[in-house]
Amino acid sequence: MPRLSQSDLAERNKAFESSEPQDLLQWAADTFSGRVAAISALQAAGSVVCHMIGQLGLDIPVLFVDTGVNFPETLATRDAIGESYGLDIRTLHPSQTMDEQTTELGVLYVTPDGQKECCRLGKSSPCERSLTSSTA
Numbered sequence: 002m003p004r005l006s007q008s009d010l011a012e013r014n015k016a017f018e019s020s021e022p023q024d025l026l027q028w029a030a031d032t033f034s035g036r037v038a039a040i041s042a043l044q045a046a047g048s049v050v051c052h053m054i055g056q057l058g059l060d061i062p063v064l065f066v067d068t069g070v071n072f073p074e075t076l077a078t079r080d081a082i083g084e085s086y087g088l089d090i091r092t093l094h095p096s097q098t099m100d101e102q103t104t105e106l107g108v109l110y111v112t113p114d115g116q117k118e119c120c121r122l123g124k125s126s127p128c129e130r131s132l133t134s135s136t137a
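For my numbering, count along the sequence shown from 1 and bump the result up by 1.
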């Protein structure tokens, strides 16, 4: 797998300025085969990326973080998008449930610093743990 320097990335960014998003996805899949993943909360933009990955038939897993407080509709959307587009959606979980986190650390989401820590524990940390095999 190639290692890209800052200069390489600047060149790629310039080259992709007039490209379609599908071109970038295809390049990532070709360049980093087996070492690339998409992360999506399945909001509008993420759903479009999922559609493109499925439409192109790319072998790019989609990482979704189930924080334990997602709406049932969000989880149903995850399942429907995965099935409709034939995607490998990998559901990640925080190391603690929200109840365990609250018991240990208190209610974090009531202060700005607490909100950052809550997001780090519930969203960022699961992604970081899963990305050990996805370097792109």
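Heads up, the beta-carbon is just placed ideally off N, CA and C, and yes, glycines get one too.
Check: Rounded to the nearest angstrom, what separates residue 95 and residue 103 at their Cα positions?; Outcome: 13 Å
Check: Does the stretch 104-114 come into contact with the stretch 76-84, if we say contact requires no fewer than three beta-carbon pairs (one atom in each stretch) closer than 8 Å?; Outcome: no
Check: Between residue 50 and residue 17, what straight-line distance do the alpha-carbon atoms span, to the nearest angstrom?; Outcome: 16 Å
Check: Looking at the structure shown, is residue 76 part of a helix, part of a strand, or coil, going by DSSP?; Outcome: helix
Check: Using DSSP with H/G/I as helix, E/B as strand and the rest coil, what is residue 61?; Outcome: coil
Check: Do residue 25 and residue 63 have their C-beta atoms within less than 9 Å of each other?; Outcome: no
Check: Do residue 66 and residue 127 have their beta-carbon atoms positioned less than 9 Å apart in this structure?; Outcome: yes
Check: May I have the straight-line CA-CA distance separating residue 100 from residue 9, to the nearest angstrom?; Outcome: 45 Å
Check: Which partner residues does residue 132 have in the DSSP bridge list?; Outcome: Looking at the DSSP assignment, residue 132 forms no beta bridge with any residue, so it has no partner.
Check: Just curious, the alpha helix (DSSP H) that residue 106 is in, first and last residue?; Outcome: 99-106
Check: Just how far apart, CA to CA, sit residue 105 and residue 71?; Outcome: 21 Å
Check: What residue does the beta strand (DSSP E) around residue 92 start on, and which one ends it?; Outcome: 90-93
Check: So, are the CB atoms of residue 27 and residue 5 less than 9 Å apart?; Outcome: no
Check: Report back the beta-carbon spacing between residue 124 and residue 68 to the nearest angstrom; my notes put them in contact at under 8 Å.; Outcome: 6 Å
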